[in-house]
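Asks:
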Amino acid sequence: MQENVFRELLDKYLTGSMTEQEWKVFSGMLNDPAYKNLLEGTIDTELREHTYEGAPDHEVLAAIQDHVKDKLHERKRSGMIIMYLKRAAVAAVVLMIAGAGYWWLANKPAKKELASADPVNKTTIIPPGGNKAILKLSNGDEIMLDSAAEGTLAQQGQAKVMKLANGQLSYEPSGNTPAAAVYNTITTPRGGQYMLTLADGTKVWLNAASSLQYPATFSGKAREVALKGEGYFEVAKNASMPFHVQVNTMDVEVLGTHFNVNSYVNESAIRTTLLEGSVKVKDGKQVRTLKPGQQSVVAANEEMKVLDDTDLDAAVAWKNGMFQFKGADIETVLRQAERWYDVQFDYKGGIAVRFSGQISRSANAEQLLKILELTGKVKFEIHGKTIVVKQ
Amino acid sequence: MNSMDEKLLLQQVADGSEKAFALLLEQKWNNIYWQAITYVKSSSQAQDIVQDVFLKIWQKRKQLPDVAQFDSFLFIIARNHIISTLRKKTALPLGYDTLEVEEQYYLPDKTLSRKNLAELIARAIDLLPQQQRTAYLLSRDQGLSHEEIARSMQVSKEAAKKNICRALNFLRSYINTHADVTMLLPMVYVILGWPGINNF
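Sequences listed follow chains A and B, in order. All residue numbers for the first sequence refer to the working numbering, where the first residue is 149 and numbers rise by one. All residue numbers for the second sequence refer to the working numbering, where the first residue is 28 and numbers rise by one.
1. Just by C-beta distance, which residues in the region 195–208 of chain A are closer than 9 Å to chain B?
2. Quick one, which residues of the region 185–203 of chain B are near chain A if we go by CB-CB under 8 Å, in chain order?
3. Could you give the distance in angstroms between the alpha-carbon of A182(A) and the alpha-carbon of E188(A)?
4. Mind checking M177(A): buried by the 16 CB within 10 Å criterion, or exposed?
5. So is T397(A) buried or exposed if we call it buried at 16+ other beta carbons inside 10 Å?
6. To the nearest whole angstrom, what separates the beta carbons of K518(A) and K527(A), a pair I think is in contact under 8 Å?
7. Is E298(A) near K311(A), with beta carbons less than 9 Å apart?
8. Indicate whether the contact test is met: 3 or more Cβ pairs, each with one atom in the region 434–454 of chain A and one in the region 489–499 of chain A, closer than 8 Å.
9. Taking Cβ-Cβ distances shorter than 8 Å, what residues in chain A pair up with V77(B)?
10. Any beta carbon from chain B within less than 9 Å of H406(A)'s own beta carbon?
11. What are the partner residues of D399(A), as DSSP defines its beta bridges?
12. According to a CB-to-CB cut-off of less than 7 Å, which residues of the region 86–97 of chain B neighbour chain A?
13. Roughly how many whole angstroms lie between the Cα atoms of T125(B) and R199(B)?
14. Please name the residue, chosen from K351(A), A296(A) and G340(A), that lies closest to E320(A) on a Cα-to-Cα basis.
15. Smallest Cα separation from I257(B): which of P363(A), Y161(A), G340(A) and E222(A)?
16. For the candidate residues K172(A), A211(A), D159(A) and L209(A), whose alpha-carbon lies nearest to that of I191(A)?
17. Return yes when the Cβ of K280(A) is within less than 9 Å of the Cβ of G377(A), no when it is not.
18. Residues of chain B with CB closer than 8 Å to the CB of T163(A), please, in chain order.
19. Give every residue of the same chain whose Cβ lies closer than 6 Å to the Cβ of S388(A), excluding the five residues on either side of it in the sequence, and list them in chain order.
20. So, at 8 Å on beta carbons, what are the nonlocal neighbours of E529(A) in its own chain, with the 5 sequence-adjacent residues on each side left out?
21. Report buried or exposed for K189(B), applying the criterion of at least 16 other Cβ atoms within 10 angstroms of its Cβ.
22. What residue ranges within the region 422–485 of chain A form continuous alpha helix (DSSP H) runs of no fewer than 4 residues, ordered along the chain?
23. Look at N408(A) and Y380(A) and say whether their C-beta atoms are less than 9 Å apart.
24. Where does Q443(A) land, buried or exposed, given buried means 16+ other C-beta within 10 angstroms?
25. By alpha-carbon positions, which one of F471(A), A485(A), E521(A) and E151(A) ends up nearest to I274(A)?
26. Quickly, what does DSSP pair T333(A) with across the bridge? List them, please.
27. Check for me: the alpha helix (DSSP H) holding H108(B) runs from which residue to which?
28. What does the Cβ neighbour count give for A258(A), buried or exposed, with the cut at 16 atoms within 10 Å?
29. Roughly how many angstroms separate the alpha carbons of T300(A) and D218(A), rounded to a whole number?
30. Under three-state DSSP, which class holds H198(A)?
31. Going along chain B, which residues have a C-beta under 9 Å from L178(A)?
32. Of the choices P337(A), D459(A), T335(A) and A364(A), whose alpha-carbon is the least far from that of A347(A)?
33. Give the secondary structure of D218(A) by DSSP, where H, G and I count as helix, E and B as strand, and everything else as coil.
34. Short of 7 Å in beta carbon distance, which residues of its chain neighbour G505(A), apart from the five on each side in sequence? Order them along the chain.
35. For a contact defined as C-beta to C-beta under 7 Å, what are the partners of F81(B) on chain A?
36. Is there a C-beta anywhere in chain B that falls below 9 Å from the one on D192(A)?
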């Protein structure tokens, strides 16, 4: 136990000077019982000494008072509802006995009536996507990764394919005999995403409805993979063996860097966003080198564009478990929702509204739609997997 | 308020007086709110904590006359709520400059542009008390450590830390209330109430 380390990290956290690296250590310590007393004691003392108390904000107080008052009365109401339900339950039991008696006398199984007695308006919840993918091995065998057990899944060329305890897929080199390249393909369905570590240590996050083809082990002069859909790459540095991501006719050449490629066929363009390092984006004869913070936009029959000041958070929000929009039109929002919730929107067009904000991808579809509805510009009707969009 | 008055007030709360309860809240909320905001770095989450803490007090109101030290009783509940909110954080909260604005779900056209936000922050910094402003600027603009700030301001390290925290709290709260109010939609709590994110 390192109390001093904890104290120092807490100070940094409170004064807003903590790095992401330190946060990882600190958030671990927050959940470690060894530091529980220290944390409790610190907060107790600060409360006793009014250490951080500032001027009261009357608007905030009014909001709190309103909310608390509502809650107090809600409790009273729910008490009454419980009373009512108790009475209703008694009545229901009486009815059930009467009903059973009727059945007994009528001597009919009445299965159909029972089925139709199910609540008609039972609301189905459309859950968010999760870590789901199918791995296709070189011999054509397919493995469902979400249901596969942890441990070694297969030997592919000179790599062991492992499913780790956290559900991720990892390629670990084993054996040195050079062999012909052995290719694997990982495919995520709509409503799925997956993370894997390639044999060279490169990490790839694959978004929903996407696939990546890659060799089990890398050999030769270059590391080449092919992407469909959207992926975020943290490429392991290896200057002598550049990393190439092929997307249709486009090629991203990398030395070691972090970037996101969005190439869904129903999006208007292939967008490559660079977070760290440097990449060269090639499409036919056009070649552009990106600097961190830039995004290249490759659209059919158009010259490649490079945008500065890209919203990096928004570009990789999906990888961090968020939907994030900044002035996004409704089509963009719906396309993302379709891929993640595996639903179909029936949208006739003509709704001019732009959305900004962020929402967790662990929310279910209804929660997302409700938020969108609160703008007052759009309404949704859910019919199973089809959602009708209305003005 | 002297301890006799407080005893009387607590007795009234125990008897179910909502008026007395509102008075109690008014006297005690501010310290808890600022303590919470310092730890959870979000004004809306700090408000939730204050609400939950007082609802808990209301639930336990029958015990209040037997409580020897009401403040200690209150602080334990508050501290537990703060820690549990803190533990649920899956990511390092962003700095004041993006935190409150991004937490809100806002409509386009009414969003605060980065430039406006920078101006708003500059105005808020001007409003800080001298000691807080100095500590804050030494920390942010000059990147000094707490020790260095303490030395250059000739105060204790604790005092330097306190000043930075208070400055941050003020900025956070100022931006929260002065960012164009029309951009805020009422579903802030809906979003914050969602389960944490941890997909990979």
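Note that beta-carbon positions come from the ideal geometry of N, C-alpha and C, so glycine has one too. Fair warning: this is a prediction, and the values are worked out from it, not measured in the lab.
Replies: The answer reads as follows:
1. L195, R196, H198, T199, Y200, E201, G202, A203, P204, D205, E207 and V208
2. K188, K189, I191, C192, R193, L195, N196, F197 and S200
3. By 1-based counting over the first sequence, the position of residue 182(A) is 34. By 1-based counting over the first sequence, the position of residue 188(A) is 40. If I take the Cα positions, the gap works out to 11 Å.
4. Counting from one through the first sequence, the residue named residue 177(A) turns up at place 29. Answer is buried; the Cβ neighbour count reaches 16.
5. Working through the first sequence from its first residue, we reach residue 397(A) at position 249. Label assigned to T397(A): exposed.
6. Against the first sequence, residue 518(A) aligns to sequence position 370. Against the first sequence, residue 527(A) aligns to sequence position 379. The pair is not a contact, with the Cβ atoms about 11 Å apart (cut-off 8 Å).
7. Taking the first sequence and counting its residues from 1, one reaches residue 298(A) at position 150. Taking the first sequence and counting its residues from 1, one reaches residue 311(A) at position 163. The answer is yes: Cβ separation under 9 Å.
8. no
9. Mapped onto the second sequence, residue 77(B) falls at position 50. By Cβ distance, chain A contributes I212.
10. The residue you call residue 406(A) lines up with position 258 of the first sequence. False, the Cβ-Cβ gap to chain B never drops below 9 Å.
11. For the purposes of this step, residue 399(A) is identified with residue 251 of the first sequence, where counting begins at 1. According to DSSP, which records beta bridges pairwise, D399(A) is partnered with Q394(A) and K430(A).
12. none
13. As a working mapping, residue 125(B) is identified with position 98 in the second sequence. As a working mapping, residue 199(B) is identified with position 172 in the second sequence. Annotation note: pLDDT 35 at T125(B) (below 50); position unreliable, coordinate value reported separately. In a straight line, the C-alpha of T125(B) is about 10 Å away from that of R199(B).
14. Mapped onto the first sequence, residue 320(A) falls at position 172. For the residues K351(A), A296(A) and G340(A), the minimum Cα distance to E320(A) belongs to K351(A).
15. Nothing can be reported for residue 257(B), as the shown portion of chain B is limited to 28 through 227.
16. As a working note, residue 191(A) is residue 43 in the first sequence. When each option's Cα is compared against that of I191(A), the closest is D159(A).
17. Translated into the one-based positions of the first sequence, residue 377(A) becomes position 229. Translated into the one-based positions of the first sequence, residue 280(A) becomes position 132. Taking 9 Å as the Cβ cut-off, G377(A) and K280(A) do not qualify as a contacting pair.
18. Here residue 163(A) refers to the residue found at position 15 of the first sequence. Those within 8 Å of T163(A) in chain B are S166, H173, K188, I191, C192 and L195.
19. By 1-based counting over the first sequence, the position of residue 388(A) is 240. Around S388(A): no qualifying Cβ.
20. Locating residue 529(A) in the first sequence gives position 381, counting from the first residue. These residues qualify, in order along the chain: I535, V536 and K538.
21. Within the second sequence, numbered from 1, the residue matching residue 189(B) stands at position 162. Buried, since its Cβ has 16 or more Cβ neighbours within 10 Å.
22. 460–464
23. Your numbering for residue 408(A) matches position 260 in the first sequence. Your numbering for residue 380(A) matches position 232 in the first sequence. Their beta carbons are under 9 Å apart, which means N408(A) touches Y380(A) by this criterion.
24. For the purposes of this step, residue 443(A) is taken as residue 295 along the first sequence, with counting starting at 1. Buried, since its Cβ has 16 or more Cβ neighbours within 10 Å.
25. Working through the first sequence from its first residue, we reach residue 274(A) at position 126. Here the closest residue by C-alpha is A485(A).
26. What you label residue 333(A) is simply residue 185 of the first sequence in a count that begins at 1. Paired residue(s): K284(A) and Q361(A).
27. Your numbering for residue 108(B) matches position 81 in the second sequence. Unbroken alpha helix (DSSP H) run through H108(B): F97 to R114.
28. For the purposes of this step, residue 258(A) is identified with residue 110 of the first sequence, where counting begins at 1. The predicted position of A258(A) is uncertain, since its pLDDT is 39 and thus under 50; a value taken from the coordinates is nonetheless stated next. Counting Cβ neighbours within 10 Å, A258(A) comes out exposed, since fewer than 16 surround it.
29. Translated into the one-based positions of the first sequence, residue 300(A) becomes position 152. Translated into the one-based positions of the first sequence, residue 218(A) becomes position 70. Answer to the nearest angstrom: the Cα atoms are 55 Å apart.
30. For the purposes of this step, residue 198(A) is taken as residue 50 along the first sequence, with counting starting at 1. In this structure, H198(A) counts as coil in the three-state DSSP scheme.
31. Here residue 178(A) refers to the residue found at position 30 of the first sequence. Near L178(A) (Cβ distances below 9 Å), the residues of chain B are I110, L113, R114 and K116.
32. Stepping through the first sequence from its first residue, residue 347(A) is reached at position 199. If we check each option's Cα against that of A347(A), A364(A) comes out closest.
33. Reading the first sequence from its first residue, position 70 is the one you call residue 218(A). Three-state DSSP puts D218(A) in a helix.
34. Within the first sequence, numbered from 1, the residue matching residue 505(A) stands at position 357. Hits under 7 Å: F473.
35. As a first step, residue 81(B) must be located in the second sequence, where it is residue number 54. Here the neighbours are V216.
36. Position 44 of the first sequence, counted from the start, is the residue given in the question as residue 192(A). Cβ-Cβ to chain B under 9 Å: yes for D192(A).
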